[in-house]
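Per our numbering, the sequence shown starts with residue 79, numbered consecutively.
Positions of the beta carbon are idealized from the N, C-alpha and C atoms, including for glycine.
Note sheet for the following structure.
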Amino acid sequence: MPARVHAIIVARPGSASRAQLLRTLDAVRSQTAPADAVTLVVCGDSSSMRESEAVAATVEGIIEARASTSFAEAVDLARPRVLDGSAIWLLAQDTAPHPRALERLRGTLERSPSAAIIAPKLVATDNDREIVSLGVTMTALGRSVELAAGELDQGQHDRMDDALGSDVRGILIRGEVRDALRLDPALAGADEGLDLGVRARLGGGRVVLAPSARISAAPGGPAALPSGRSRRAYVTRLAQLHRRLAYAPAAAVPLHWLSLLPLALWRSLTHLIGKRPEAVLPEWGAALTAMIRLGAIARSRSRIRAFRTSTWASIAPLRITSSDLRRHLDDGHGSEGGAVSELRFFSGGGAWAVLGALVVSIASFTTLLAWPALGGGGLLPLRQTVAALWSDAAWGIRGTAVDLIGPADPFAAIVAVLGTLWPAGPSFAMVLLWILALPLAVLGGWFAATRVTDRSGLRIFAGVAWALTPPFLTALVEGRPSAVLVHLLLPWLFHTAVVAHRSWGAAGSASLLLAAVLACAPSLAPALVLLWVMALGIVLGTAQFRGAARLLWLPVPTVALFAPLVFWQFAHGTPWGVLGDPGLIWAGSQASADAAGRLALAMGFPTTDLAGWASFAPEAITPWVWVLSAPTALLALGSALAPRWRAGITLLVVAVTGLATAFFAVGVTVSFDQGAGVAIWPGAGLSLAWIGMLGAALVTLDTAITAPRLRGVAATVAALSLAVCAVPALTAFHTDRSLLTNGPESTLPAYVAAQAAGDRDVATLVLTPKNDGGLAVEVVRGASETLGSQTTMTSTATEPQGADVSTLAVDLLSAREFDAPGELAAKGISYVLVAQGTGSDGDKARALRAMAIASIDQRPGLVHAGRTDRGVLWRLEAEAAASPALSAAQQGTVRLVLTLQLMAVLAALLLSIPTRASRRAARAQSRIVGRAPDEPLVLPRHAEDRHDLEEQPPVGALEEPQDAAALNDEALVPIAEPEPDPEPSGDQAAAADDASPPAGADEDGPDRSVEGDR
């Protein structure tokens, strides 16, 4: 006799839910073997359901529950209405059984006496050829894995009949075990079918699959997982942790409980590496919730214990192994062999261009490799130890004043990174930077060009042109380290930022590069913020909300690094000081705010000597130097009329933004060099303008000029023009027109440098007479004034910062009688140096220097240490006081600031680490951003590459399927028809990387049960 079946349907109120329910009820009535009774549980207002004739004709009763009632709780409410011995059929408003579904479920139940649960095949509502779920298993650590989900149904799984569990929707529970197999409300709506299957197996029963019984299931119903990614990650992880605590042996439960928070930290890191930042907060929420629900754990363990008749060994054969999991998740979709466009760095000549630039660099700066340190211009030595480098980059005592405590400039962290690359002698890292600057610029320009063109020749043109731009060469010749670094970093920022909406990997890299660029040139902040807002608006306008979320991450590390300094500057009434140039401030040559200066900026030159042409060529030729930039500028303007005009206009906007920044910079003075105002360096803005102009020129060459010969001629003319323009700068070092010098390794006398070796805390008061009769006062800590110790806290200050030593310095030179050594020692000063004069010193400076030397010589307690090439030095006989220790409140501030900054930077670093899945997804997309839909692909010239493309057609899975619109970008950010975000079908590629967790660690990656609709 067929088993009596009582169907329980759970629904929610609302017009859409009501339509789904009516469809489900119609399907229930149409069953070839109808259910004996149907009970409807409505989680919310049931008035509209009660008024429906179709509902009344189908159900034997309606139960109204609270809106917050879960599926498990709703089923429990209907259990008292089920007659003894009746099997229970669990349905929801969105699960419509096919006509013979119940007949086949009943038949399987009758033919399988050991079966406790019969599970149907769930298919998609809008496509019954797509499998939503058919069977669930789990790993050794309890992670649930769908046996079949998101696949095209070709009958390939119809022979499966035994599984550890299943999706809870549509299952038929045998009447004899229905009271023992109740849904666990503590699972929060995830893995309920898997938990029932585990308990059934422990009770001597089985979960039998009935693939011929088909039920259509839609996402978002009462029994489905939440549609939001964060909410879904939370419930699946909470269910996994709850099951782990419920299934574990009693002796192991405390150990599992104690491991929850450490595992949450570990999995947070792996989520970031796996490009799943939205799962980090749910991970912690699930861990904390599982820890405090001790009562729910006890009840779950009690239910298992009451029904259990078999050992846990009976579960083992149905678990999935790590190797099977890897094969199951990594199905080869989006394989690396099916790339849309290969990089071709070596075969396309990029490597030769970089090598050629290295040869030119060595020829231009021949003797630099023999120098231990670079000097001149804005260059200074670096600290002698790596620890001191990073100390300068942290909140604490600043080395250019007395008792000044506050945040470091973010540029100090960039200097620390550079110095750490050569720990034996950090100052030599700057020498290597100068030697490698040209090849690194070519490399960066070449990679940036891969976002605009596939043509190898044009990529080489872009790399060479970027290395020959006037702002970069001027910075090299004049010794401006921050400007050099900005120019080297900008193409990499361009390369990653234009695809930051596509993937978290690109967004993580772009966020770090953005922070580095702004650390070297804070004056670019307004321009980059404007471009970021424009990109965000375009992505939001095309309804790519996850792409917008990635763009929102870009400024986070920058904000974390700059926030302490911004707060300090605002608190001290110098908000514009945030835009001040970092590093050593010096009044070098640069374009001014007059007509001549702005004309030089408009031509692309940051100084009025036009990259050295004013001193290199006859005066009659200098006014015509702008002609050398004209070919590139004309090509850039042509991009507005090119087939890829959206990308061209966007790049022109970048160029205009950079030029406007340069015009703004020369008119703003926020920094001071020994009391004299110094305008912001305009070269950083011009570097941004040049990258926009070169990108726009590439668009014209790649798409508007279709004749190969004409394209080659145009690119050659533009490149040769820039090469001619670079001749004065590249020959400046050999013609003594460069400001670069051999060192010094210390700006202080050798005696002081020896006493402060190893970056010991030794303070020197440096007095510098000025031509106007004034006296510049500075305190230098350590063996030298260093690049990393410079801070905009003092360079942009309008009043003395820290302890004011100006009065003490004046009294030291006056005839006033006072305990000079005592006051100097109290401020921690051990040496006094009257700086050596220069050839440009006037009579007032020389007179003041002579008077200062005579006055200090007469002071008791100051021992004359001798005359040096740095000036006249005195040593205090008294013991100098140690630097003040940070107070408890200051130490707390340091820890808080450092922790927040490290968290932001670490998160960005983890996001930027490439994985197999992220590389595969990136290769499956066109490298070019803004390609018009009708543009032909540029195929490689090598026969073997063409063969690869012919044999392996482009296929590939995006890192996230909802970002398919990003493949049709029409500008630097996507400009496409808005598309609604479809329900994610799973992150198989990301999960494949995480199939084998480290030994003893929790399994990384999203639970497989997250993928699809249960």
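query	result
Count the other CB atoms within 10 Å of the CB of glutamine 936; is the residue buried (16 or more) or exposed (fewer)?	exposed
For valine 840, which residues from the same chain have a beta carbon less than 6 Å from its beta carbon, with the 5 sequence-adjacent residues on both sides left out?	Gln833, Ala834, Ser908
How big is the Cα-Cα spacing for asparagine 1046 and isoleucine 727?	Note that asparagine 1046 scores 42 on pLDDT, short of 50, meaning its location in the model is unreliable; the coordinates nonetheless yield the value given after this. When rounded, the distance between both Cα atoms is 17 Å.
Using C-beta distances below 7 Å, list every residue in its chain close to glutamate 1029, excluding the 5 sequence neighbours before and after it, in chain order.	Low per-residue confidence applies at glutamate 1029: pLDDT is 39, beneath 50, and the placement is therefore not dependable, though the value from the model is reported in the following sentence. None.
With distances taken from CA atoms, which of Asp123, Arg82, Ala986 is nearest alanine 578?	Ala986
Looking at the unbroken beta strand (DSSP E) that takes in tryptophan 167, where does it start and where does it end?	165 to 170
With respect to the alpha helix (DSSP H) encompassing glutamate 151, which residues constitute its N-terminal and C-terminal limits?	149 to 156
Which class does methionine 681 belong to by DSSP, given the choice of helix, strand or coil?	coil
List the residues that DSSP assigns as beta-bridge partners of alanine 841.	Arg859, Ile907
Give the secondary structure of alanine 599 by DSSP, where H, G and I count as helix, E and B as strand, and everything else as coil.	coil
Are the stretch 714 to 722 and the stretch 618 to 628 touching, with three or more C-beta to C-beta distances below 8 Å?	no
Check whether the Cβ of serine 148 lies closer than 8 Å to any heavy atom of the ligand GDP, and answer yes or no.	The model depicted lacks the ligand GDP and carries no ligand whatsoever.
Identify the residues that DSSP records as bridge partners of arginine 945: which are they?	Val950
Short of 6 Å in beta carbon distance, which residues of its chain neighbour glutamate 556, apart from the five on each side in sequence? Order them along the chain.	Gly455, Gly666, Leu817
Starting from the Cα of valine 756, find the closest Cα among Ala218, Trp664, Cys598, Leu169 and give me that residue.	Trp664
Is the stretch 220 to 227 in contact with the stretch 136 to 150, if contact means three or more CB pairs nearer than 8 Å?	no
If you measure between the beta carbons of serine 290 and glycine 586, is that distance less than 9 Å?	no
Quick check on glutamate 181: does DSSP put it in helix, strand or coil?	helix
Nearest-angstrom Cα distance between arginine 789 and leucine 554?	31 Å
Could you compute how far the alpha carbon of glycine 248 sits from the alpha carbon of alanine 384?	26 Å
Can you tell me where the alpha helix (DSSP H) with serine 125 in it begins and where it stops?	125 to 128
Candidates Arg159, Ser824, Ile769, Ala288: which alpha carbon is nearest tryptophan 570's?	Ile769
Could you check the C-alpha separation between arginine 284 and isoleucine 616 for me, to the nearest Å?	54 Å
Where in the stretch 231 to 299 do unbroken runs of the beta strand (DSSP E), each at least 3 residues long, occur, reported from the N-terminal end onward?	284 to 295
If you follow the alpha helix (DSSP H) that phenylalanine 525 is part of, which residue opens it and which one closes it?	506 to 527
Tell me the DSSP secondary structure of alanine 930 in three-state form.	helix
To the nearest angstrom, how far is the alpha carbon of glycine 522 from that of leucine 566?	7 Å
How would you write the range of the alpha helix (DSSP H) that histidine 84 sits in, first residue to last?	Counting along the chain, histidine 84 falls outside any alpha helix (DSSP H), though it belongs to the beta strand (DSSP E) covering 83 to 89.
Does DSSP classify leucine 902 as helix, strand or coil?	helix
Checking contacts by CB at 9 Å: is leucine 323 closer than that to chain C?	The structure shown contains no chain C; it is built from a single protein chain.
Closer than 8 Å is the cut-off here; do at least three beta carbon pairs connect the stretch 228 to 239 with the stretch 199 to 215?	yes
From proline 263 to glutamate 151, what distance separates their C-alpha atoms?	6 Å
Under DSSP, the alpha helix (DSSP H) around isoleucine 382 begins and ends at which residues?	372 to 385
Spatial neighbours of alanine 417 within its chain, please: CB distance less than 6 Å, with the 5 preceding and 5 following residues excluded, ordered by chain position.	Any reading at alanine 417 must be qualified, since the residue scores a pLDDT of 43, below 50, and its modelled position is unreliable; the value itself is stated next. Excluding residues within five positions, the ones whose Cβ falls inside 6 Å are Arg1001.
Would a C-beta distance cut-off of 9 Å place glycine 453 and leucine 964 closer than the cut-off?	no
Quick one: is leucine 516 buried, meaning 16 or more other Cβ sit within 10 Å of its Cβ, or exposed?	buried
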